[in-house]
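Report on the structure given below.
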Amino acid sequence: MRGEEMFADQFTCGNLFRQIRERRHLKISDVQGPLHKTSVSFFETKDANIRLFSLMEILKPTMTEPQEFFELIDQTHSQLRRFFTELNTLYESLDLAGLQMLLTDYHGIKRSETPQYMLKLIVMSCIAKVKEQSPIFSAEDEECIQQFLLTEGRWFHFEYLVYANLCHSLSNCVNDRLLRHMVNKYQEFHLSRYDQAFVGTFYNISARYLKDADYDRALSMLDIVADFPVKNTALYLRHHVAFIRLAVPILKCQDQEAKKKLATLLMATEIIDPKLYKTNMAWMKSLNLDPEAILNNIT
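The number in this note's numbering is simply the position in the sequence shown, starting from 1, with 24 added.
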């Protein structure tokens, strides 16, 4: 059991707030704000109802972000994490029986039940990839995915997770449209927690294009993010752009200069981010590029 799940099981909303307040050596009078002391006390001891904005106000003196507080209390998001943790474990071990068992949990889910249906499609995508089936989705399911992701409004974490996990199973014309839409939504608004899925989408789509030997499409995809500012997640995106630009000429014509530059990039990556380095190594092997042969180009 994960630590935060154990923590959430032990405390109600009000009780959790009291634990945080006392941990910070604060009295009720230090946090009450516009509320009466009795209201805060009832909230802590009897888990009485409290308005959202009132809760956010009394959290401020405790130096606790609402996001952290709600994640500790509400297990909805952790359920989503558990889904992807289980899915990744099954997929990476090529456990077809386990994936099919997971799919049975969504047997009765209809297209109208959008969030749950997106999870069902993600499991279906993994099963099809293990079986090496193509195409993966019907025209109706591709249309369902497009309608969901192109719906007017902001993209939140779930939208990025859905697209990152479905993009490698979609047709090129659908990805051309959705990728540009995702980038526009990201530039309009995003939280830092969306970044991993955002960057992961580029990894998954470009891996698909390279495996299909569609080098021109892989390179044109990079033009979409060419002008991203160099900060935070964009640095990882720039790393990915550099990796693709070097991998394409190696795959096309065994370009020796590109091999030298890629070897240099990989050596620097190993120092800066060992986890990303391992990802690059695994990706190269999946593209039938010999990592050791590439690294031997360091002079």
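Glycine included, every Cβ here is placed at the ideal spot set by N, Cα and C. As the structure is a computational prediction, the values presented were derived from the model and not from experiment.
Own chain partners of residue i with C-beta closer than 7 Å, once the 5 adjacent residues on each side are dropped
| i | result |
| --- | --- |
| residue 266 | 289 |
| residue 304 | 267, 290 and 293 |
| residue 283 | 274, 318 and 321 |
| residue 309 | 315 |
| residue 130 | 140, 143, 144 and 147 |
| residue 230 | 242, 245 and 268 |
| residue 59 | 78 and 82 |
| residue 183 | 173 |
| residue 57 | 81 and 82 |
| residue 196 | 241 |
| residue 324 | Here the chain covers residues 25 to 323 and nothing more, so residue 324 does not appear. |
Residue i vs residue j beta-carbon contact at 8 Å
| i | j | result |
| --- | --- | --- |
| residue 347 | residue 166 | With the chain covering only 25 through 323, there is no way to say anything about residue 347. |
| residue 90 | residue 50 | no |
| residue 61 | residue 52 | yes |
| residue 246 | residue 269 | yes |
| residue 120 | residue 147 | no |
| residue 81 | residue 42 | no |
| residue 275 | residue 239 | yes |
| residue 143 | residue 97 | no |
| residue 104 | residue 93 | no |
| residue 264 | residue 226 | yes |
| residue 248 | residue 204 | yes |
| residue 126 | residue 110 | yes |
| residue 172 | residue 138 | yes |
Same chain, Cβ closer than 6 Å to residue i, neighbours up to 5 away in sequence not counted
| i | result |
| --- | --- |
| residue 135 | 141 and 168 |
| residue 311 | 234 |
| residue 286 | 270 and 318 |
| residue 301 | 293 and 294 |
| residue 115 | 150 |
| residue 76 | none |
| residue 123 | 114, 150 and 151 |
| residue 178 | 213 |
| residue 36 | 71 |
| residue 298 | none |
| residue 232 | 192 |
| residue 180 | none |
| residue 26 | Low local confidence applies: a pLDDT of 42 at residue 26 is under 50, so the model's placement there is unreliable, with the coordinate-based value given in what follows. Around residue 26: no qualifying Cβ. |
| residue 209 | 179 |
| residue 215 | none |
Inter-residue CB distance, residue i and residue j (contact presumed, cutoff 8 Å)
| i | j | result |
| --- | --- | --- |
| residue 160 | residue 193 | 4 Å |
| residue 221 | residue 261 | Contact flag wrong, Cβ pair sits at about 13 Å. |
| residue 228 | residue 188 | 6 Å |
| residue 133 | residue 88 | That pair is no contact at about 36 Å. |
Closer than 7 Å: residue i CB and nearest the ligand ZN heavy atom
| i | result |
| --- | --- |
| residue 188 | Within the structure as shown, the ligand ZN is missing, as the structure has no ligands at all. |
Proximal residues to residue i (C-beta, below 8 Å), its chain only, five neighbours per side dropped
| i | result |
| --- | --- |
| residue 158 | 152 |
| residue 243 | 268, 269 and 272 |
| residue 70 | 38 |
| residue 170 | 198, 201 and 202 |
| residue 65 | 52 |
| residue 279 | 273 |
| residue 223 | 257, 260, 261 and 264 |
- Runs of alpha helix (DSSP H) lying entirely within the segment 146 to 208, each at least 4 residues, in chain order: 163 to 173 and 181 to 190
- Message: Suppose only complete runs of 4+ residues qualify. What are the alpha helix (DSSP H) ranges in the segment 237 to 285, listed by chain order?
- Response: The segment 237 to 285 contains these whole alpha helix (DSSP H) runs: 239 to 247 and 257 to 277.
- Message: Restricting to runs no shorter than 4 residues, where is the alpha helix (DSSP H) found entirely within the segment 107 to 133?
- Response: 120 to 128
- Message: Restricting to runs no shorter than 4 residues, where is the alpha helix (DSSP H) found entirely within the segment 43 to 110?
- Response: You should have 52 to 55, 61 to 70, 76 to 83 and 90 to 97.
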